[in-house]
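Novice: If you scroll down you'll find the structure; I have some questions about it.
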Amino acid sequence: MSKRARPETDAASVDESCIEVYKVFFASVSTGESKVDEDRAMAAIVRAARSFREARAAARERADTGTVAQVKFIMVAPVLSPLVAKLKRQAAAEGIAPEDLGAKFGTLAQVQGAFALGVGTGERWRRPGENHENVQMHRAGLGHLVQTQYGDDDGILRIGELRVVDVPASDSLRKKTGAHFVVCVRGPVVNQDKPGFCGADYASNGAEATLEGAYLSMFEAVAVRADDATRARMDAKREITQAKRRKQDTEDLIRIMRAAHSCVDRGLVDRLGLCNVTLAQLEAVLGAGIPVASVQNELSAWDMRSARASGKFGGTLQYCQDHGIAFIAIKTFGGTAFRKDPSGFKGLEQRFPLAAREDMSPFALWLACSAQKWPCLVHVPGATQIAHVLDCQRAAISLVSAVAEDSAFEQVFDSVS
1 MSKRARPETD AASVDESCIE VYKVFFASVS TGESKVDEDR AMAAIVRAAR
51 SFREARAAAR ERADTGTVAQ VKFIMVAPVL SPLVAKLKRQ AAAEGIAPED
101 LGAKFGTLAQ VQGAFALGVG TGERWRRPGE NHENVQMHRA GLGHLVQTQY
151 GDDDGILRIG ELRVVDVPAS DSLRKKTGAH FVVCVRGPVV NQDKPGFCGA
201 DYASNGAEAT LEGAYLSMFE AVAVRADDAT RARMDAKREI TQAKRRKQDT
251 EDLIRIMRAA HSCVDRGLVD RLGLCNVTLA QLEAVLGAGI PVASVQNELS
301 AWDMRSARAS GKFGGTLQYC QDHGIAFIAI KTFGGTAFRK DPSGFKGLEQ
351 RFPLAAREDM SPFALWLACS AQKWPCLVHV PGATQIAHVL DCQRAAISLV
401 SAVAEDSAFE QVFDSVS
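Numbered by UniProt numbering, the letters in the sequence shown go through residues 1 to 417 in order.
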């Protein structure tokens, strides 16, 4: 009986697989000495979040291919802050689950895996009652970014005004938190002389609406960026899928890499690499002006095609070595074929006599010798047992003295060439 042909992957399902949850961490209200009515503040934030989620749900139903990204907002509060309890209480009062917002203890500068950070204002307050989160963010470099992108106004915002500050990939704030941008939005201020929810120049009955609108604007600004990020991933995935459905040539590869590089331009991906690539393909991609950080090809004691000067994959390892490109060796110990049939390992000890003499396994010797010969080489060995790690350590240490003594080092490669 013949096997049924596998149906082609549907484009929409590929698109859906690209959609990710974008995490946005934000500080909701002042953590300083300001006398803020936290219950009313939390209620306004929860209502803004509910309105945003309802709008996103409606947009997702209208989208044909799932281009609406999923955005998860997480409020950051001090460890002993009562805000989390008030957030849960207000969420219950508004009829939404508290986990729809989420909560995390700490500060914005301590979070990791963020898509964006949200703070109350873009300037650093210098009087009693200043927002501690804003101060911490400015210490992390936010103030400099605001001035660079918005000029000399020091990022001072009016009530309800919104600013989106891009965080470059090289910036310490980006490296620490992962955030691609910071959203600054200012809600009602606090009158230090008269305790209350808003300043004397804003009517109390309008304060919650102003705060709710300010946070809704912040949520929507983040959503626009998240949709753009999702769409870029979908476009790159679509290019790759279409190329896989036909025989891939060099033009297809360049088109795929250009689509993938658009994700680098958008700050979604840091670097690009190639897998199972020939020297001609690698040179073609680089010649098209697309930077390549790494090449991932097979390389082992049983497969030296990439290390040879000729052949299908010949020259790729040496090219990477000469041009500062990392070479990631896969199937270092033979791959799945050897796991199913370990007979391929027979005779390895005889081929690598240096291993027995230096009290190391032939596998560790191979890793150490190849890394010594090609500094661009990156192995990904397993470490399921501590013994494996110690074995590789012994090999790396012993190799230094062993190579200095005789030509056993080159004999390792003579036995596999």
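Glycine included, C-beta positions come from ideal geometry on N, C-alpha and C. Computed from a predicted model, the values in this text were never measured in an experiment.
Measure the Cβ-Cβ separation of A259 and A293 and say whether it is below 8 Å.
Specialist: Start at 1 with the first residue of the sequence shown, and residue 259 comes out as number 259. Start at 1 with the first residue of the sequence shown, and residue 293 comes out as number 293. Result no, Cβ atoms of A259 and A293 do not sit closer than 8 Å.
Novice: May I ask you to report which of helix, strand or coil DSSP gives Q192?
Specialist: Here residue 192 is taken as the residue at index 192 of the sequence shown, counted from 1. The predicted model places Q192 with a pLDDT of 47, which falls under 50 and marks its position as unreliable, so this point remains unresolved.
Novice: Distance check for T67 and R60, CA to CA, integer angstroms please.
Specialist: Position 60 of the sequence shown, counting from 1, holds the residue named residue 60. Position 67 of the sequence shown, counting from 1, holds the residue named residue 67. So the two alpha carbons sit approximately 8 Å from each other.
Novice: Among residues of its own chain, excluding the 5 on either side of V285, which ones have a beta-carbon nearer than 7 Å to its beta-carbon?
Specialist: Looking up residue 285 in the sequence shown gives position 285. Answer for V285: L253, I254, M257, L274 and V292, listed in chain order.
Novice: Quick one: which unbroken beta strand (DSSP E) runs of 3-plus residues sit fully inside the region 32-93? Chain order, please.
Specialist: 70-77
Novice: Pull up the distance between the alpha-carbon of V24 and that of F219, whole angstroms please.
Specialist: Residue 24 sits at position 24 when you count from the first residue of the sequence shown. Residue 219 sits at position 219 when you count from the first residue of the sequence shown. One C-alpha to the other measures close to 9 Å.
Novice: Verify the contact flag: G118, CB atom, against every heavy atom of the ligand GTP, threshold strictly below 7 Å.
Specialist: Among the ligands in the structure shown, none appear at all, so the ligand GTP cannot be discussed.
Novice: Quick one: give me the first and last residue of the alpha helix (DSSP H) that C369 is part of.
Specialist: Reading the sequence shown from its first residue, position 369 is the one you call residue 369. Unbroken alpha helix (DSSP H) run through C369: P362 to K373.
Novice: Strictly by DSSP, which residues pair up with E298?
Specialist: In the sequence shown, residue 298 corresponds to position 298, counting from 1. DSSP, once it has assigned bridges, lists I330 as partnering E298.
Novice: With DSSP as the reference, identify every bridge partner of D166, one or two as the case may be.
Specialist: Here residue 166 corresponds to residue number 166 of the sequence shown, with the count starting at 1. The bridge partners DSSP lists for D166 are F181.
Novice: Count the other CB atoms within 10 Å of the CB of D227; is the residue buried (16 or more) or exposed (fewer)?
Specialist: Position 227 of the sequence shown, counting from 1, holds the residue named residue 227. Buried is the label assigned to D227, since at least 16 other Cβ atoms lie within 10 Å of its Cβ.
Novice: Who are the near neighbours of S370 in its chain, counting only those whose CB is closer than 7 Å to its CB and skipping five residues on each side?
Specialist: The count along the sequence shown starts at 1 and reaches residue 370 at position 370. Here the set comprises L377.
Novice: Provide the residue span of the alpha helix (DSSP H) that contains C263, from first to last.
Specialist: Looking up residue 263 in the sequence shown gives position 263. Segment T250 to D265, the alpha helix (DSSP H) holding C263.
Novice: Please state the DSSP three-state secondary structure of L117.
Specialist: Here residue 117 refers to the residue found at position 117 of the sequence shown. L117: strand per DSSP, three-state reduction.
Novice: Hey, quick one: how far does the alpha helix (DSSP H) through C320 stretch, first residue to last?
Specialist: Residue mapping note: residue 320 aligns to position 320 of the sequence shown, counting from 1. C320 -> alpha helix (DSSP H) spans T316 to H323.
Novice: Given that a residue counts as buried once 16 or more other Cβ atoms are within 10 Å of its Cβ, and exposed if not, what is F313?
Specialist: By one-based count along the sequence shown, residue 313 stands at place 313. Flag for F313 reads buried.
Novice: Does the Cβ of residue 418 have 16 or more other Cβ atoms within 10 Å, making it buried, or fewer, making it exposed?
Specialist: Because the chain here runs from 1 to 417, residue 418 falls outside it and cannot be looked at.
Novice: For the beta strand (DSSP E) containing A293, list its first residue and its last residue.
Specialist: Counting from 1 along the sequence shown, the entry for residue 293 is found at position 293. No beta strand (DSSP E) contains A293, which DSSP labels as neither H nor E.
Novice: Taking C-alpha atoms, which residue in F363, K373, Q372 and P375 lies nearest to L390?
Specialist: Counting from 1 along the sequence shown, the entry for residue 390 is found at position 390. Of the candidates F363, K373, Q372 and P375, the residue whose Cα lies closest to the Cα of L390 is F363.
Novice: Can the beta-carbon of V295 be found closer than 8 Å to that of I328?
Specialist: Residue numbering aside, residue 295 sits at position 295 when the sequence shown is read from its first letter. Residue numbering aside, residue 328 sits at position 328 when the sequence shown is read from its first letter. Contact flag set, yes.
Novice: Roughly how many angstroms lie between the CA atoms of residue 419 and A93, to the nearest whole one?
Specialist: The requested residue 419 does not occur in the structure, where the chain is confined to residues 1 to 417.
Novice: By the 10 Å Cβ neighbour count, where 16 or more other Cβ atoms means buried, how is F52 classified, buried or exposed?
Specialist: Residue 52 sits at position 52 when you count from the first residue of the sequence shown. F52 comes out buried.
Novice: Can you tell me the Cα-Cα spacing of V182 and V164, whole angstroms?
Specialist: Here residue 182 corresponds to residue number 182 of the sequence shown, with the count starting at 1. Here residue 164 corresponds to residue number 164 of the sequence shown, with the count starting at 1. Roughly 6 Å between the two C-alpha positions.
Novice: Quick one: give me the first and last residue of the alpha helix (DSSP H) that L354 is part of.
Specialist: By one-based count along the sequence shown, residue 354 stands at place 354. Residues P353 to R357.
Novice: Look at the alpha carbon of R231 and the alpha carbon of A97, and state the distance between them as a whole number of angstroms.
Specialist: Position 231 of the sequence shown, counting from 1, holds the residue named residue 231. Position 97 of the sequence shown, counting from 1, holds the residue named residue 97. Near 28 Å, if we compare the C-alpha coordinates of A97 and R231.
Novice: Just how far apart, CA to CA, sit G213 and V264?
Specialist: The count along the sequence shown starts at 1 and reaches residue 213 at position 213. The count along the sequence shown starts at 1 and reaches residue 264 at position 264. If I take the Cα positions, the gap works out to 33 Å.
Novice: Leaving out five residues on either side along the sequence, give the residues of the same chain with a beta carbon under 6 Å from the beta carbon of A109.
Specialist: The sequence position of residue 109 within the sequence shown is 109, counting from 1. Cβ neighbours of A109 beyond the five flanking positions: Q136 and A140.
Novice: Nearest CA to the CA of H180: which residue from L268, T107, A236 and V111?
Specialist: By 1-based counting over the sequence shown, the position of residue 180 is 180. Here the closest residue by C-alpha is L268.
Novice: Roughly how many angstroms lie between the CA atoms of L211 and A85, to the nearest whole one?
Specialist: As a working note, residue 211 is residue 211 in the sequence shown. As a working note, residue 85 is residue 85 in the sequence shown. About 20 Å.
Novice: Answer with buried or exposed for S310, where buried requires no fewer than 16 other C-beta atoms within 10 angstroms of its C-beta.
Specialist: Counted from its first residue, the sequence shown places residue 310 at position 310. With fewer than 16 other Cβ atoms within 10 Å, it is exposed.
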